[in-house]
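Just add 954 to the spot in the sequence shown (first one is 1) and you have the numbering used here.
Below: the structure, in structure tokens.
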Amino acid sequence: MRRSDSDELLIAVLTGEAPIYHPNTGQPVDESAERNTKGLKELSRGAKIGLEPPRFCQICGRRMIVQVLPMGWVAHCSRHGELDSRALER
Ligand SMILES: [Zn+2]
């Protein structure tokens, strides 16, 4: 099994797990930052992530390979797998 086949990132987002790294900036997210930085509450609900592709893996902070598609986007962390915007839609 290749590690890139992991679905860890997808599961973390789908279950609403709090990001360890900010998906847009790649900066570590801690509780004090969450309180002081606007927009993070939104992100933790997964509302924003459906509109805008994340650039960084929220688990490890690696820069992800992002493909923008006509119907959404696919972001890929080499360690935590693929996150498809279609999986976030209902
Ligand atoms: Zn990762």
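All C-beta atoms in this analysis are idealised placements derived from N, C-alpha and C, irrespective of residue type, glycine included.
query, result
"Ligand 1 heavy atoms versus the CB of L964: any closer than 8 Å?", "no"
"For A972, count the other beta carbons within 10 Å of its own beta carbon; 16 or more makes it buried, fewer makes it exposed. Which is it?", "exposed"
"Per DSSP, E962 is paired with what?", "DSSP, once it has assigned bridges, lists no residue as partnering E962."
"Let me know the secondary structure DSSP gives R1017 once reduced to three states.", "strand"
"Do you know offhand how far V1028's Cα is from S1039's?", "6 Å"
"What span of residues does the alpha helix (DSSP H) with A1029 cover, start to end?", "Counting along the chain, A1029 falls outside any alpha helix (DSSP H), though it belongs to the beta strand (DSSP E) covering G1026 to C1031."
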